[in-house]
Amino acid sequence: MNNNSPIGFFDSGVGGLSVYARFKKLLPNENTIYYGDLKNLPYGNKTQAELIGFTKNIMDFFVTKDVKAVVIACNTSSALAYETIKDDYDFKIYPIIQASAKLISKMDIKRLGVFATVGTVNSGAYKREILKHNSDILIKEIACPNWVSVVEGKISNGTDEIKKHVEEMFEFAPDKVILGCTHYPYLINDLIKFAPKDMFIDPAKYFVKFIKDDLIKSDLTTVGTEKFYVSANPELFMNNAKMFYNVEMVEEV
Ligand code: DGL
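Numbering (this note's numbering), first residue to last: 79 to 331.
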């Protein structure tokens, strides 16, 4: 494994792409692999033992791909499996809840809501991780068992499902609500029918920043590869290019 090795991302389905897309914007030159565990979807209603099994299988798949890091772009796996598997691999593992909670807990929030899967809510992982950094925040977690099926196209009209949980959350009068499942940002157009957009926090925003900073700090980033060819005057080209781009090598062909 070296800096050019890929970074693995995984989730039960398309949810993790909400993390992946943000990451690619931040570090576009990284080599990446995405794994969607559609066979075992949804994760949210599985037992902890099952979640540990799924997560280990995916981690072992990533071992065969010689990854330099794995991003657990799944809250449920971060909540129920990360602690068990975290020391079993010799590459970095980034879990979404633990990594983003630190940054979210620094926001000016008194009352914080969390929408998540049944597994994540029952684990109490968000509450525990946020309170670790800021014990003054009052937190209410609500499980939304059908939202993943709405996103994955298994339930056609999810509006009532969404309304039901948003109304329940609003009785708590939250300042902000975490979308604590990577599938939920896909529902933003429905969610904003019932609440202003800035009410919702997508942890992926903080998560990818954490990953970027850590990769840089650990000297694990890559710049990818780029090649420049010119048909004449390579030095002149390099010199003139400086205004827009630092071209380090040009080949004349
Ligand atoms: N998107 C995942 C999460 O963040 C899993 C959802 C599911 O499959 O139930 O929790």
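Using N, Cα and C, we set each Cβ at its ideal position, and we do this for glycine too. Because the structure is a prediction, the values reported are computed rather than measured.
Runs of alpha helix (DSSP H) lying entirely within the stretch 144-216, each at least 4 residues, in chain order:
Annotation note: the stretch 144-216 contains the following uninterrupted alpha helix (DSSP H) runs of length 4 or greater, listed N- to C-terminal: 153-158, 160-163, 174-182, 196-201, 203-211.
If you run the structure through DSSP and keep just helix, strand and coil, what is residue 240?
Helix at residue 240.
Drop a sphere of 10 angstroms on the beta-carbon of residue 157, count the other beta-carbons inside from all chains shown, and report buried for 16 or more, exposed for fewer.
Buried is the call here.
Bridge-paired residues (DSSP) for residue 308:
In DSSP, residue 308 forms a bridge with 330.
Going by DSSP, name the residue or residues bridged to residue 257.
Looking at the DSSP assignment, residue 257 forms a beta bridge with 193.
Backbone CA spacing between residue 295 and residue 239 [nearest angstrom]
Taking the straight line from one Cα to the other gives about 42 Å.
Tell me, to the nearest whole angstrom, how far the beta carbon of residue 255 is from that of residue 278; I am working on the premise that it is less than 8 Å.
Yes, they are in contact, since the Cβ atoms of residue 255 and residue 278 sit about 6 Å apart, within 8 Å.
Identity of the residue in 91, 146, 96, 187 nearest residue 120 by Cα:
Looking at 91, 146, 96, 187, the one whose alpha-carbon comes closest to that of residue 120 is 91.
With a CB to CB cut of under 6 Å and the five nearest residues on each side skipped, what residues in its chain are close to residue 116?
For residue 116, where only same-chain residues beyond five positions count, the Cβ hits under 6 Å are 91.
Of the residues 263, 286, 233, the one placed nearest residue 276, counting alpha carbons only
Taking the Cα of residue 276 as reference, the smallest distance to any Cα among 263, 286, 233 is reached at 263.
Alpha helix (DSSP H) containing residue 101: first to last residue?
Looking at the DSSP string, the run of the alpha helix (DSSP H) that includes residue 101 is 95-104.
Reducing DSSP to helix, strand and coil, say where residue 218 ends up.
Strand.
Given 8 Å as the limit, tell me if residue 197 has its C-beta closer than that to any heavy atom belonging to the ligand DGL.
In this structure, the ligand DGL has a non-hydrogen atom nearer than 8 Å to the beta-carbon of residue 197.
Here's the rule I'm using: 16 or more other beta-carbon atoms within 10 Å means buried, otherwise exposed. How should residue 323 be labelled?
Its Cβ having fewer than 16 others within 10 Å, residue 323 is exposed.
Is the beta carbon of residue 150 closer than 9 Å to that of residue 171?
Contact flag set, yes.
Using a Cβ-Cβ cutoff of less than 6 Å, which residues in the same chain neighbour residue 306 once the five nearest sequence positions on both sides are dropped?
The answer, listed in chain order, is 325, 328.
Going by DSSP, what residues sit across from residue 114 in a beta bridge?
DSSP lists 89 as the beta-bridge partner residues of residue 114.
So, at 6 Å on beta carbons, what are the nonlocal neighbours of residue 259 in its own chain, with the 5 sequence-adjacent residues on each side left out?
Excluding the 5 residues flanking it on each side, residue 259 has same chain C-beta neighbours closer than 6 Å at 153, 194, 195, in chain order.
Apart from the five residues just before and just after residue 101, which ones in its own chain have a Cβ nearer than 6 Å to its Cβ?
Counting only Cβ-Cβ distances below 6 Å, and skipping sequence neighbours, we find 286.
For the alpha helix (DSSP H) that contains residue 133, what are its first and last residues?
Here the alpha helix (DSSP H) through residue 133 covers 126-142.
Less than 8 Å between the CB of residue 90 and some heavy atom of the ligand DGL, yes or no?
It does: the Cβ of residue 90 is within 8 Å (strictly closer) of some heavy atom of the ligand DGL.
Residue 207 and residue 175 look like a contact to me (Cβ under 8 Å); what is the Cβ gap, rounded to whole Å?
Indeed they touch by this definition, with Cβ atoms about 6 Å apart.
Cβ atoms of residue 178 and residue 112: under 9 Å apart, would you say?
Between residue 112 and residue 178, the gap from beta carbon to beta carbon reaches 9 Å or more.
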